[in-house]
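Undergrad:
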Amino acid sequence: MTTLLDQHVGVVCDLDGVVYRGPAPIPHAVASLERAREQASVVFATNNASRTIADVSNQLRSLGIDDPQVITSAGAGAALIVEQLGPEATVLPVGGEGLVEALTRVGLVLVRDASQNPAAVLQGWAPHVSQADLAQATIAVSGGAFWVATNTDLAVPTPAGLVPGNGPLVAAVAAVTGVDPMVAGKPHPPLFRSAVAQIGSQRSEVGADTVLGIGDRLDTDVLGATGAGLPALWVLTGVDRFVQLAGHTATPTYAAPDLNALHRPYPAVSRRDTTWASGPISVTVGAPGDRLTVCGMSELPDDQALATLVAIAARIVCGIRDLGDSELAGRLASEFDAIVDGFASADQDDSASQSSSVS
């Protein structure tokens, strides 16, 4: 049978929330990706511009992924500058070592401050970015420098909690200059285009629709992949759940509990009236009280049943959301999250069905 991976020649894979969570690998992720690399090109893509490719690669190697291909938003930003200004342009980096590495890797000339009249500014997050750094960026952009932001993420997680990400720092420069930057990272297309180009350098007949984007975040990974023309696999191993899907505009092409989905046929979901079904599993949404009834879960192995339920749930939540009934979509999403969490942590249920009321 044709698996999900069989339909693609390459994969653009997010990191945090997909491959690892904190220092620990996510279950099934490493084994699934190593198996995927036997038949497809896998590129790991991150919005984190403060880390070098070597840093990211070493972390992946420590988890068991040998010789990973890594692309960062800093690298995509450097590629944008080369595309616009040529490979010998002068650039003011505002951020961490990841920016410096990305710029020098493609031959761009680094300058230290705005007094050197840089042709471009590449701005990314780093813990040491200061008001003085933002001032230099503001002066250079006001002077006409081509401005690229690696990403506009609102916040960055740290051991102490969330801190302002690159988005607020970029907003400060934009507020003073009245200029909006080009953005290289997710959910904007350049990072995905760079990844597809890297895959295309290794394989023939590569197009965006033959490369699968994988991520856990709807606002960056899924929206970015589909916006760049890639099909998107949304996995439930990270930040976003069905409740977030109900309140978002992103529509994943595929949804799955984890990366095991790469090596299975993706469940084909059909609909008849208020019942959605795939194989032996069906989900019915019906009055009174918009009752949600799930049947047939025990007729498949646990992991396969859960994968089928997740595919059905994504279809239902997106379909009802897109019809404009956000309240119902949200209530059903909450119920799906509860069922998925309960099923994933429970032993095999002896019954052939589950029924729940959504209130």
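Quick note: the sequence shown uses the numbering used here, first residue 32, plus one each step.
A virtual CB, placed ideally from N, CA and C, is assigned to each residue, including glycine.
If you're wondering where the values come from, they're calculated on a predicted model, not measured in any experiment.
#1: In its own chain, which residues sit with a C-beta less than 6 Å from the C-beta of F374, not counting the 5 before and 5 after it?
#2: Should V137 go down as buried or exposed, given a rule of 16 or more other Cβ atoms within 10 Å for buried?
#3: Tell me, please, whether the region 282–302 touches the region 341–348 by the rule of three or more beta-carbon pairs shorter than 8 Å.
#4: Can you give me the Cβ contacts of S382 inside the same chain, cut-off strictly under 7 Å, excluding the 5 residues immediately before and after it?
#5: Can you tell me whether Q154 is helix, strand or coil according to DSSP?
#6: Figure out for me which residue from Q275, A292, N291 has the closest Cα to the Cα of G361.
#7: Could you give the uninterrupted runs of the beta strand (DSSP E) lying entirely in the region 246–277, keeping only those of 3 residues or more?
#8: Is it the case that the Cβ atoms of A215 and L111 are separated by a distance below 7 Å?
#9: With a Cβ-Cβ cutoff of 7 Å, do V42 and A71 count as a contact?
#10: Whole angstroms are fine: how far does the CA of P195 sit from the CA of Q147?
#11: For a test of the three-state rule: what should DSSP assign to S232, helix, strand or coil?
#12: Quick one: residues in its chain with C-beta nearer than 7 Å to the C-beta of V341, no 5 flanking neighbours on either side, listed in chain order?
#13: Give me, in chain order, the residues of the same chain whose beta-carbon lies closer than 6 Å to that of D378; leave out the 5 immediate sequence neighbours on both sides.
#14: Given that a residue counts as buried once 16 or more other Cβ atoms are within 10 Å of its Cβ, and exposed if not, what is Q229?
#15: Would you call the region 67–85 in contact with the region 221–236, where contact means no fewer than 3 C-beta pairs closer than 8 Å?
#16: Helix, strand or coil: which one does DSSP assign to R82?
#17: Q100 bridges to which residues according to DSSP?
#18: Considering only DSSP beta bridges, list what S313 is partnered with.
#19: Buried or exposed: T103, going by 16 or more other Cβ atoms within 10 Å of its Cβ?
#20: Would you call the CB atoms of A180 and P221 closer than 7 Å?
#21: On the three-pair Cβ rule with 8 Å, is the region 173–192 touching the region 78–98?
#22: Taking just the CA atoms, how far does V210 sit from A176?
#23: What are the boundary residues of the beta strand (DSSP E) that R302 is part of?
#24: Any chance you could list the beta strand (DSSP E) runs of at least 3 consecutive residues sitting entirely within the region 86–151, in chain order?
#25: Per DSSP, which one or two residues make a beta bridge with R52?
#26: Where A120 and L153 are concerned, what is the direct C-alpha to C-alpha distance, given to the nearest angstrom?
#27: Whole angstroms are fine: how far does the CA of R302 sit from the CA of V389?
#28: Can you tell me which of C349, R92, P149 puts its alpha carbon nearest to the alpha carbon of R272?
#29: Quick one: is P118 buried, meaning 16 or more other Cβ sit within 10 Å of its Cβ, or exposed?
#30: Please check the pair A203 and L165, which I expect to be a contact at CB under 8 Å, by giving their CB distance rounded to whole angstroms.
#31: Once the 5 residues before and after M32 are set aside, which same chain residues still bring their CB inside 7 Å of it?
#32: Using C-beta distances below 8 Å, list every residue in its chain close to H39, excluding the 5 sequence neighbours before and after it, in chain order.
TA: If we stick to the structure as given:
#1: Hits under 6 Å: L337.
#2: With fewer than 16 Cβ atoms within 10 Å of its Cβ, V137 is classed as exposed.
#3: yes
#4: Low confidence applies here, because S382 scores a pLDDT of 36, under 50, leaving its location unreliable and the question unanswered by this model.
#5: strand
#6: Q275
#7: Segments of the beta strand (DSSP E) lying fully in the region 246–277: 263–266.
#8: yes
#9: yes
#10: 29 Å
#11: Note: S232 maps to coil in three-state DSSP.
#12: L267, A286, A287, P288, V371
#13: Legend: pLDDT at D378 = 41, less than 50; position of this residue unreliable, no value from coordinates given.
#14: Buried.
#15: yes
#16: Residue state, collapsed to three classes: coil.
#17: V74
#18: A308, C326
#19: Burial is judged here by how many other beta carbons sit within 10 angstroms of a residue's own beta carbon; T103 has at least 16 and is buried.
#20: It is not a contact, given that the beta carbons lie outside the stated cut-off.
#21: yes
#22: Computed Cα separation, rounded: 10 Å.
#23: 301–303
#24: Those beta strand (DSSP E) runs which fall completely within the region 86–151 and span 3+ residues are 100–103, 121–125.
#25: A55
#26: Going by C-alpha positions, A120 is about 12 Å away from L153.
#27: Annotation note: pLDDT 33 at V389 (below 50); position unreliable, no value reported.
#28: When only C-alpha atoms are compared, the closest one is C349.
#29: exposed
#30: 6 Å
#31: Closer than 7 Å at the Cβ level, and outside the excluded window around M32, lie P296.
#32: Excluding residues within five positions, the ones whose Cβ falls inside 8 Å are A71, T241, V242, L243, P262.
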